[in-house]
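Inspection log for the structure reproduced underneath, given as structure tokens.
Spelled out as structure tokens, the structure:
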């Protein structure tokens, strides 16, 4: 990996991209035309003396034969035939995110388990593309006091970040969890949102590790629920993951986590490391919560994001933004490549194997649109009506993304915005009966058990 203008590039991709540009300069079809043009000129000059046995109609075939034998194999050898796209087996997460680890270093942890806690953090970090414009990491340590040994803008590379995690020292003390979340809220995430480093949508992920009950004092005594609620209310696009080890309080874990699916538990710190894979997947699929408000006629909110081929980004539109509206239209406009769009009211990570609506793949100039009808029929409020979940999957890239916010030149930019009837060239119209979809999905599960 190396940096250029604050952007993280993979050297193998950069090499592949240079080879692609070389192949464009010496495009085989153009070579045939050049060889053909030279051959006709040479024939016209020497047909009477040197080329008496050659027919003019044979020149095109000879030019193609020369091109295939002498240039074709050589070009493939030099430039290669593989496309410059992400490996389908690549498990790295390219999610633009501010990630905060909140590490318990109270007396019950001990030095040995604190080392295991650090190893867990390093293993999760391995998942993400760490760079100033992609994933940034902060670490908060808490016991009786709260410290921030790693701030979001301290380390712009994975190697330096991993080294910094290894050097974090253990102190011991009480378990002031509410105080730690207050620091996350007011000293890390709120300033990061007020001073963004990129114009694209960035998710906020907080991973709290604790081995016991909080025992905050002073203004934070008994305040864990209130502090966690304020954090989740104020910070946009926030996913809170609570990890309890040993003598944890499940009640407190539920207070901290965004929802019950974001609660993880382990019997001891040895088991903690076994949770890395599942927690990685959960963190990498953290959605952007879209602010498009269909209840306000003049709302022009637009979501801008990037995705690489064979990767996915997820977005959620909560019911409060469309409750009471009969029909809504969502446009998806790709640039620098093509994407496929999946939507669902059942799963929060819709994709090729789990969706109720699909549109695409489509590329630049082929805008896509999804229409939803009767979204909250049968529901009394936006609190009970399910959200709309959208998954954007990268397909083919034009390899031309040179914008500052492109983490790699093969990324595909896309915009999500409020649409109007018929504004998309590729439109899916769905009369959305959520309850029917849920029952059908449940029946399928029963038959496959």
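Numbering (full-length UniProt numbering), first residue to last: 1 to 449.
Virtual Cβ for every residue (Gly too), placed ideally from N, Cα, C.
Boundaries (first-last residue) of the alpha helix (DSSP H) holding residue i
| i | result |
| --- | --- |
| residue 256 | 250 to 256 |
| residue 389 | It is not in any alpha helix (DSSP H) - residue 389 instead sits in the beta strand (DSSP E) that spans 388 to 397. |
| residue 277 | 276 to 284 |
| residue 115 | 110 to 125 |
| residue 137 | Where residue 137 is concerned, there is no enclosing alpha helix (DSSP H), although the beta strand (DSSP E) it sits in stretches over 135 to 142. |
| residue 269 | 269 to 272 |
| residue 180 | 177 to 183 |
| residue 232 | 224 to 234 |
Endpoints, the beta strand (DSSP E) within which residue i is located
| i | result |
| --- | --- |
| residue 452 | The requested residue 452 is not part of the displayed model; the chain covers only 1 to 449. |
| residue 313 | 312 to 317 |
| residue 417 | 412 to 418 |
| residue 451 | Outside the modelled stretch of the chain, which goes from 1 to 449, sits residue 451, for which no answer is possible. |
| residue 360 | 357 to 362 |
| residue 263 | 263 to 266 |
Proximity below 7 Å, CB of residue i to CB of residue j
| i | j | result |
| --- | --- | --- |
| residue 289 | residue 265 | no |
| residue 214 | residue 177 | yes |
| residue 164 | residue 150 | yes |
| residue 337 | residue 369 | no |
| residue 413 | residue 357 | no |
| residue 101 | residue 207 | yes |
| residue 216 | residue 245 | no |
| residue 136 | residue 98 | yes |
| residue 395 | residue 361 | yes |
| residue 182 | residue 227 | yes |
| residue 329 | residue 342 | no |
| residue 103 | residue 209 | yes |
| residue 417 | residue 299 | no |
DSSP three-state assignment for residue i, whether helix, strand or coil
| i | result |
| --- | --- |
| residue 104 | strand |
| residue 34 | helix |
| residue 219 | helix |
| residue 368 | strand |
| residue 210 | strand |
| residue 240 | strand |
| residue 191 | helix |
| residue 305 | strand |
| residue 197 | coil |
| residue 157 | coil |
| residue 147 | strand |
| residue 379 | coil |
| residue 338 | strand |
| residue 42 | helix |
| residue 343 | strand |
| residue 97 | strand |
| residue 172 | coil |
| residue 165 | helix |
| residue 61 | helix |
Same chain only: Cβ atoms within 8 Å of residue i, ignoring 5 sequence neighbours per side
| i | result |
| --- | --- |
| residue 258 | 232, 238, 239, 240 and 241 |
| residue 173 | 105, 106, 107, 143, 144 and 145 |
| residue 276 | 120, 123 and 124 |
Close beta carbons around residue i, own chain, < 7 Å, minus the five adjacent residues each side
| i | result |
| --- | --- |
| residue 313 | 305, 307 and 392 |
| residue 83 | Reliability of the predicted coordinates at residue 83 is poor, the pLDDT of 48 falling under 50, and the value obtained from them is presented with this limitation in mind. Excluding sequence neighbours, residue 83 sits near nothing in its chain. |
| residue 200 | 96, 304, 305, 306 and 405 |
| residue 387 | 316, 317, 318 and 319 |
Cutoff 6 Å; reference residue i; Cβ partners in own chain excluding five residues on either side
| i | result |
| --- | --- |
| residue 116 | 269 |
| residue 389 | 316, 344, 348 and 350 |
| residue 451 | Beyond the ends of the chain as shown, which are 1 and 449, falls residue 451; an answer cannot be given. |
| residue 185 | 231 |
| residue 411 | 306, 308 and 401 |
| residue 286 | 203, 205 and 239 |
Rounded C-alpha distance that separates residue i from residue j
| i | j | result |
| --- | --- | --- |
| residue 195 | residue 120 | 29 Å |
| residue 85 | residue 333 | Residue placement at residue 85 cannot be trusted, given a pLDDT of 47 that sits under 50; what the coordinates show is reported in the next sentence. Cα-Cα distance, rounded: 20 Å. |
| residue 61 | residue 125 | 57 Å |
| residue 255 | residue 377 | 31 Å |
| residue 162 | residue 141 | 16 Å |
| residue 65 | residue 36 | 11 Å |
| residue 171 | residue 138 | 19 Å |
| residue 346 | residue 33 | 56 Å |
| residue 323 | residue 203 | 24 Å |
| residue 221 | residue 230 | 15 Å |
| residue 261 | residue 167 | 32 Å |
| residue 147 | residue 281 | 28 Å |
| residue 383 | residue 267 | 34 Å |
| residue 279 | residue 110 | 23 Å |
| residue 179 | residue 291 | 29 Å |
| residue 87 | residue 353 | Only weak support is given to the placement of residue 87: the predicted model assigns it a pLDDT of 46, under 50, and the question is left unresolved by the model. |
| residue 114 | residue 249 | 19 Å |
| residue 58 | residue 49 | 17 Å |
| residue 153 | residue 128 | 16 Å |
| residue 421 | residue 371 | 8 Å |
| residue 359 | residue 46 | 60 Å |
Short CB-CB distance (under 7 Å) between residue i and chain D
| i | result |
| --- | --- |
| residue 336 | Here chain D cannot be found, since the structure has a single protein chain. |
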